[in-house]
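Taking it in order: structure first as structure tokens, then the write-up.
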Amino acid sequence: MSDILTRRSLLGGLGCACCAGIVGTAEARIPPASMTPLIQAGYRPTETDEKGLWQQYERVEQEIAGSNLLIQDPALISYLGGLTERVGGPAAKDLRIYLAQIPEFNAFIAPTGFMVVFSGLLTRMRDEAQLSGVIAHEAGHFLRRHHVRGWRDLRRKSDVLSFAAMGAGVGGAAAGAYLGDAVRLAHMGTILSLFAYSRQLEAEADAMGLKLMAQSGYDPAAMPETWQQLIEEVEASARMRKKRPRRGYSLFATHPAPAERMTDLRVSAQEVKAGTGRDERGRDRYLKAIGAHRPRFLDDQVKLNDPGASLYIVQNLAKDGWNGLLRYQEAEIWRLRGEKGDDVRAAQGYAAAVTLPDAPPEAWRAHGYALLKSGQGEQGKAALGRYLAMAPQAKDASMVRYSLAQ
Amino acid sequence: MRKPLIVAATATSLLLAGCVQTRQVADVEFQPPQGNYSLIVMRPDVQVGSVTAGGLVEPRAEWTEQARGHLLQALRDQQSGRGGRTMVAATRESVPGVDPKTVADLERLHNAVGNSIALHKYMGADLPTKRRQGIDWTLGEDAVKLGRATGMDYALFLYAQDSIASTGRVALQVLGIAGCFVGFCAPQGGGGQTAYASLVDLRTGNVVWFNVLQTGSQLPGLAFGDIRTPEGSAQMVERLLGRMRAGRNVRNRAR
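Right under this line is the structure:
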């Protein structure tokens, strides 16, 4: 989206409650049992401000629905739609979901009930329960009418501040006193209170989301897992770059701090789980649905050249078992980093990948070239031949044939 | 989101006191359309909102619908006065003979080109090689194809925004000016309008004319038009499109 602030992008920023926030501060935990949807199926706004908000987002949705960043695979989209319907509570039939090919951990929902999920989210999720947690969180924003409530909070506080500041200025001038410092303090207080309200709404969406997950039979423990993964990924990324990870704590944060958020989520997940006794994970279903796209999703992530994060993601997925694709991408991460010794790490990775029955063709190509480089010409050519046999239509097939002819 | 630079350009040029200003730029060879021509208006973007006491703009659905209707009617009336036939494509689906995806692509292309015009012609980032050359931007073959498919001569891209000061905002404006009497002068902005129009010649694909309108006022109760009314809409259309000037070369030859 745009960097330059316009009325619409400002509204967009306020309106699109994202789940990717990294920083925050502690607030009291909201028990999931206390969260009830504030709207019913087929909800349409009746109040003036909410109607205006909805109308604006109709045009935004048109824009997004026609974006060429969207992944158009009907099977995958209908899978995501089904999932949304399952955890959507009373809004099940009213929510829409779009999948954008952007390798970042993010998802957001607009006030009108359309959701945008980034492909980077699907890259990271280990099973359907984890994904359902993020979708349920976003549905929670919609069911609790967070956009209009956030807008009203902003409007009320800015109204009060404007009159207070003007009153202090005029009153102070009339009385011969300078109240500028008090006004600045009030300004700061208002800003902090806006951020605090935003964090409260995020905590509500978490609690509402957990309740929705449990009601639809998913294991609620998957939601804190997602946060644990995100925290660990951020730390791994920083470690590899020899930087300190972001502290994850700020008064100016729109989202709760991941660590506190995770603690609350764990307690709440236990609470809602106790009530149902069902704990579906849906891993096979998830892998079947995204399977065809996983190579591309991982490729997008690895090409960001954020080796710490990428390694974490690959290794986290491998907790469910290594396969040819994960081994190949792990090796690619080293090759792309390209520091001393990384070529050896990469070569070992390719060699390990091709021993697995589901190694992708690219693993054979990379393995072949790695062998050629290390002077093992015959084995290298054999591996390249294997690549050509597996992917005769590959775009680089003639280049590989040329290598073979050398 | 859609026209960030264009809106930002005009917003920054708002003067402190109340005023109405327009600034048009044109291709050096631009001749304002006259006589028997046809014009397609591409999915006009109209927004009307209320300015809260704190200065935020709250979008209003009903006002927006009203304004859109009046504005399009005013546009049709004005164009037919010049001899033109106007077709309004309210949605991407309503351009005959062209699929919505192609329309969307052209809109996005225009958005990028329009941002470039705003940057280099309105925000002061002049291009040294393009000084005194009018506007020299094109949508290229895609626009020509649209012209061929629809049989239209020109495409008009239109954005109009009006914000109306709420009672609370007017009260704050009054206080800000009343404060002047005790030595605390803090005039506050009220409502205002921002609009732009961009005319594309579908025979060449070139953006041939571009105009930006800005109105605003710090005096409580004073506004320069209100596009929720037929008169206000007609006024905006007249300000935006009524005084189209020919391009520099054309004017020079006429002298």
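Heads up: the sequence lines are chains A and B, in that order. In this text, residue positions in the first sequence follow the working numbering: the first is 1, and each later residue adds one. In this text, residue positions in the second sequence follow the working numbering: the first is 1, and each later residue adds one. The beta-carbon is built from N, C-alpha and C at its ideal position, and this holds for glycine as well.
As assigned by DSSP and simplified to three states, the class of residue i
i	result
Ser50 of chain B	strand
Arg241 of chain A	coil
Ser183 of chain B	In the sequence as presented, Ser is not what sits at residue 183 of chain B; that position holds Gly. Coil, per DSSP.
Ala107 of chain A	strand
Ala178 of chain B	helix
Gln280 of chain A	Note on identity: in this sequence residue 280 of chain A is Glu, with Gln being the wrong assignment. Three-state result, Glu280 of chain A: strand.
Glu58 of chain B	strand
Trp364 of chain A	helix
Ile64 of chain A	helix
Thr138 of chain B	strand
Thr194 of chain B	strand
Leu131 of chain A	helix
Ser310 of chain A	helix
Gly176 of chain A	coil
Glu50 of chain A	helix
Residue i - partner residues in DSSP beta bridges
i	result
Tyr402 of chain A	According to DSSP, Tyr402 of chain A bridges with nothing at all.
Leu199 of chain B	B:Leu156 and B:Trp209
Phe114 of chain A	A:Arg96
Cys19 of chain B	B:Gly216
Met42 of chain B	B:Ala89 and B:Phe157
Val25 of chain B	B:Phe210
Asp162 of chain B	B:Val48 and B:Gln193
Tyr37 of chain B	B:Gly84
Tyr218 of chain A	A:Glu280
Val70 of chain A	Reading off the sequence shown, one finds Leu at residue 70 of chain A, where the question assumed Val. Partner(s): A:Ala100.
Buried versus exposed, by CB contacts within 10 Å (16 or more), residue i
i	result
Gly52 of chain A	buried
Asp126 of chain B	exposed
Arg239 of chain A	exposed
Tyr402 of chain A	exposed
Leu192 of chain A	exposed
Leu326 of chain A	buried
Ser268 of chain A	buried
Asp127 of chain A	buried
Val344 of chain A	exposed
Tyr178 of chain A	exposed
Gln173 of chain B	buried
Gln133 of chain B	exposed
Pro96 of chain B	exposed
Pro59 of chain B	buried
Gln188 of chain B	buried
Arg261 of chain A	buried
From the options, residue whose alpha carbon lies closest to that of residue i
i	options	result
Asp45 of chain B	B:Tyr122, B:Arg169 and B:Thr194	B:Thr194
Gly133 of chain A	A:Arg281, A:Arg327 and A:Leu179	A:Arg281
Pro32 of chain A	A:Asp358, A:Glu104, A:Leu121 and A:Leu201	A:Leu201
Val237 of chain B	B:Gly140, B:Arg248, B:Val51 and B:Tyr159	B:Tyr159
Ala175 of chain A	B:Phe181, B:Cys19 and B:Val170	B:Phe181
Gln218 of chain B	B:Val250, B:Val25, B:Val51 and B:Ala197	B:Val51
His187 of chain A	A:Glu204, A:Asp300, A:Arg144 and A:Ser158	A:Ser158
Gln24 of chain B	B:Ile164, B:Ala246, B:His110 and B:Leu109	B:Ala246
Met35 of chain A	A:Ala196, A:Met208 and A:Pro103	A:Met208
Ala173 of chain A	B:Ser166, B:Asp162, B:Val174 and B:Ala186	B:Ala186
Val200 of chain B	B:Lys145, B:Gln214, B:Ala165 and B:Leu139	B:Leu139
Arg184 of chain A	A:Ala165, A:Ile71, A:Trp364 and A:Gly171	A:Ala165
Leu80 of chain A	A:Asn68, A:Phe114, A:Asp49 and A:Tyr57	A:Phe114
Ser166 of chain B	B:Gly191, B:Ala90 and B:Gly179	B:Gly191
Glu233 of chain A	A:Val160, A:Ala196 and A:Ala309	A:Ala309
Leu56 of chain B	B:Gln79, B:Ile164, B:Gln235 and B:Phe224	B:Ile164
Val148 of chain A	A:Arg296, A:Arg124, A:Ile97 and A:Tyr197	A:Tyr197
Ala139 of chain A	A:His367, A:Ala205 and A:Ala292	A:Ala205
Gly189 of chain A	A:Val160, A:Lys211, A:Leu212 and A:Leu210	A:Val160
Euclidean distance between Cα positions of residue i and residue j
i	j	result
Leu404 of chain A	Leu388 of chain A	10 Å
Met152 of chain B	Arg131 of chain B	31 Å
Val170 of chain B	Gly221 of chain B	7 Å
Gly114 of chain B	Leu71 of chain B	21 Å
Gln66 of chain B	Tyr196 of chain B	19 Å
Glu141 of chain B	Lys288 of chain A	43 Å
Arg44 of chain A	Leu38 of chain A	12 Å
Gln47 of chain B	Gly242 of chain B	21 Å
Leu122 of chain A	Leu131 of chain A	7 Å
Ala104 of chain B	Thr150 of chain B	15 Å
Val116 of chain A	Gly168 of chain B	36 Å
Pro111 of chain A	Val20 of chain B	35 Å
Phe163 of chain A	Asp219 of chain A	49 Å
heavy atom of the ligand PLP below 7 Å from residue i C-beta
i	result
Val174 of chain B	This structure lacks the ligand PLP, and indeed carries no ligand of any kind.
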